[in-house]
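Novice:
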Amino acid sequence: RPAKWRHELAGDCCPISLTPLEELEHEPFGLYGDDGANGGDEAGGKEGLWGARAVAALLASKPVHWFDGIFLACSVVSQGQLFDPMTMRPLSRAECASLDDYLRAIGSPPPPGGPRLSCTGPV
140 RPAKWRHELA GDCCPISLTP LEELEHEPFG LYGDDGANGG DEAGGKEGLW GARAVAALLA
200 SKPVHWFDGI FLACSVVSQG QLFDPMTMRP LSRAECASLD DYLRAIGSPP PPGGPRLSCT
260 GPV
């Protein structure tokens with residue numbers, strides 16, 4: 140069942156799977172839509188958005204690219220390039236770790252043929 144915050148995304152779809160976000164069986168996974176600076180902490184790390192961080196970004200009207208997280212993980216692993224498919228910005232290790240955590244939280248196995256993303260992501 141979609142959480143209430145996901146209703147704000149109705150009409151948007153995953154740019155990879157083209158599935159409407161409100162039809163996903165799990166919450167979408169987000170990447171900041173700018174250079175990621177909005178997601179940085181004092182140490183300069185940025186994380187992917189799901190759970191409470193996703194809600195906070197949505198409420199703050201931050202620019203976010205929303206994805207079916209399973210399709211995002213499979214896409215970056217199959218292409219062998221850890222980039223935001225919308226901006227071609229390299230994903231940080233923290234974003235890859237967030238995607239790994241997200242996949243575990245929704246009960247999805249790692250992408251076929253790929254290690255945990257956080258093991259292969261940029262520093």
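Numbering (the working numbering), first residue to last: 140 to 262.
The beta-carbon is built from N, C-alpha and C at its ideal position, and this holds for glycine as well.
My parser needs the beta strand (DSSP E) runs of 3 or more residues fully inside the segment 195 to 241; what are they?
Specialist: You should have 203 to 206.
Novice: Mind checking who C153 pairs with in its DSSP beta bridge?
Specialist: Here residue 153 is taken as the residue at index 14 of the sequence shown, counted from 1. DSSP lists no partner for C153.
Novice: Tell me where the beta strand (DSSP E) around G169 begins and ends.
Specialist: Walking along the sequence shown from the start, residue 169 turns up at place 30. G169 -> beta strand (DSSP E) spans F168 to Y171.
Novice: Whole angstroms is fine: what's the gap from S156's alpha carbon to R232's?
Specialist: On the sequence shown, residue 156 is found 17 positions in, with the first residue counted as 1. On the sequence shown, residue 232 is found 93 positions in, with the first residue counted as 1. Taking the straight line joining both Cα atoms gives about 24 Å.
Novice: Which class does W189 belong to by DSSP, given the choice of helix, strand or coil?
Specialist: Along the sequence shown, one-based indexing puts residue 189 at 50. The answer is coil: DSSP assigns W189 none of H, G, I, E or B.
Novice: Rank G150, P167 and L211 by C-alpha distance to the C-alpha of M227 and give the top, closest one.
Specialist: Residue numbering aside, residue 227 sits at position 88 when the sequence shown is read from its first letter. Among G150, P167 and L211, the Cα nearest to that of M227 belongs to L211.
Novice: For the segment 182 to 202 and the segment 217 to 227, state whether three or more C-beta atom pairs, one from each stretch, are separated by less than 8 Å.
Specialist: No, because fewer than three Cβ pairs between the segment 182 to 202 and the segment 217 to 227 fall closer than 8 Å, the two stretches do not touch.
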